[in-house]
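Once you know that position 77 of the sequence shown is 77 in full-length UniProt numbering, the rest is easy, because the numbers rise by one and skip nothing. Heads up, the thing below is written out as structure tokens.
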Amino acid sequence: MSVLVGMAVTVGFAQSPDEEIGQGNLISQLFDTADKIVESVSGDSWAVIPALTYSPETSLGVGARAIKVFRYRPKQGVDTRPSTLPITFLYTLNQQLLFSTELSLWQPGNTGFLNARIEMADFPFKFYGIGSSPTSGEYYASRYVHFHLMYEREILKGLYMGPRFEIRREDIYRTEALGLLESGTIAGSNGQFVSGMGGVVNFDTRDNIFQPTRGVFHQAQLMLFSPAFTSDFSFAHLVLDFRKYLSITPKQVLVGQAWASLTAGSVPFQHVSMIGGSDRMRGFFEGKYRDRHALVFQSEYRINVYRNLGVVLFGSVGQVSPDLEGFGVRTFKAGGGMGIRYKLNNEGLNIRFDLGFGDQTAYYFGLNEVM
């Protein structure tokens, strides 16, 4: 791979040493200019930039994004991971409005971690039915507010445990005539109010939370939604997420992830397990394949090409099933692709652009690594 990258950034003709030096200086000057542009919008407090995003689920999105990267109560000699507070407002060409903000706060010495997120949206979307054989799709429109709160406390080195609370209210105000959602036979098709409580167990030894090069991130999260918590639906949701980071060379990292989502009970279609989108199975429309259970394996090979510029190759396989017995080797769907990364700051926060191939060709543009 390193040979291919080297071929891609060189000109296929013989060059004199002076020409090579001149080109090297030009490349350095271009990166110096890019770094100055990044620094101009990334101060010590807030970085505010125009937001331009793209994914098949939203089409082109424009808006504004502000993010604060900081260390909470820094102490000399105490290693504390950076905390973040992003705020995003987007309007997409699919007539979707989205506002979100999320606090990820690490306590001094990484002894505790607080995560809180609120998201509000007016979101026309597409529903392909339930199962591994999607329909041609039908459009619906909903307004929702989604909030979750989680706190983890370190009980052993790298091992965290804590409670999690989640609430979501959604009003579906438009469906297609004669569609599955209009029929009312799909749980959640008339809107929903769900609230639940649960817990998280997390083993985290990553050397960097934005751009890990070694260590592991293993998490188990169980949520119980019940009328006892004023929820319209009663169901359980278990998510397992296992990641491993290997430093192949100082500039090359291999990442592997195994992810599973398992549900039981009366689950609204918005909360069943699904694959696709920008985080899992790039190249597949998010939610096109959804069912009670989902299983995904994916990997990335990350290469630092020059200074803050990097490239990524990725691949994934995944499937959904109504029961555990339905999982099988022959029912996996496969996808892959490549991407470009540009590091925004010394903490390792990235701008990413990915091109994914699955049952469609899809482009993704955003912040931070997928895994």
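Beta carbons are placed, not taken as given, at the ideal position from N, Cα and C, and that holds for glycine.
A Cβ-Cβ separation of about 36 Å leaves Leu-26 out of contact with Ser-59 under the 8 Å criterion. Counting only residues of its own chain and dropping the five nearest sequence neighbours on each side, Leu-238 has a CB closer than 6 Å to the CB of Leu-222 and Leu-262. Going by DSSP, Ser-183 is part of the alpha helix (DSSP H) stretching over 180-183. Distance from the CA atom of Tyr-140 to the CA atom of Gly-112, rounded to whole angstroms, is 40 Å.
Within the UniProt domain "Bacterial surface antigen (D15)" (198-357), the runs of beta strand (DSSP E) at least 3 residues long that lie entirely inside it are, in chain order, 215-225, 235-249, 252-265, 273-275, 289-291, 293-306, 309-321, 333-343 and 350-357. When secondary structure is reduced to three states using DSSP, Asn-115 falls in the strand class. A Cβ-Cβ distance of about 6 Å is found for the pair Gly-199 and Arg-164, placing them in contact under the 8 Å criterion. Sixteen is the threshold: when 16 or more other Cβ atoms of the shown chains lie within 10 Å of the Cβ of Ile-303, as they do, the residue is buried.
Judged by DSSP in its simplified three-state form, Leu-93 adopts coil rather than helix or strand. In the assembly as shown, Gln-319 is a buried residue. Its beta-carbon has 16 or more other beta-carbons within 10 Å.
Leaving aside the five residues that flank Ile-67 on each side, the residues in its chain whose CB is nearer than 6 Å to its CB run, in chain order, Ala-47 and Pro-86. Rounded to whole angstroms, the separation of the alpha carbons of Glu-176 and Thr-185 is 14 Å.
In this structure, DSSP gives Gly-191 a state outside helix and strand, which the three-state scheme calls coil. The C-beta separation of Ser-83 from Leu-105 comes to about 5 Å, placing the pair in contact by the 8 Å criterion. With a threshold of 16 other beta carbon atoms within 10 Å, Gly-328 falls short and is exposed.
In this structure, the CA atom of Phe-233 is about 11 Å from the CA atom of Ala-264. Gly-366 carries a strand assignment under DSSP once its states are collapsed to helix, strand and coil.
Relative to the Cα of Ala-260, the nearest Cα in the group Phe-235, Leu-324, Ser-247 and Val-312 belongs to Leu-324.
Scanning its chain for C-beta atoms nearer than 6 Å, with the 5 sequence neighbours on each side dropped, one finds around Ile-248 the residues Leu-254, in chain order. Asn-202 counts as buried, since no fewer than 16 other beta carbons sit within 10 angstroms of its beta carbon. Of the candidates Glu-369, Lys-126 and Gln-211, Lys-126 places its Cα closest to the Cα of Gln-95. Nearest in C-alpha terms to Gly-283, of all of Tyr-151, Ser-55, Gln-360 and Ile-155, is Gln-360.
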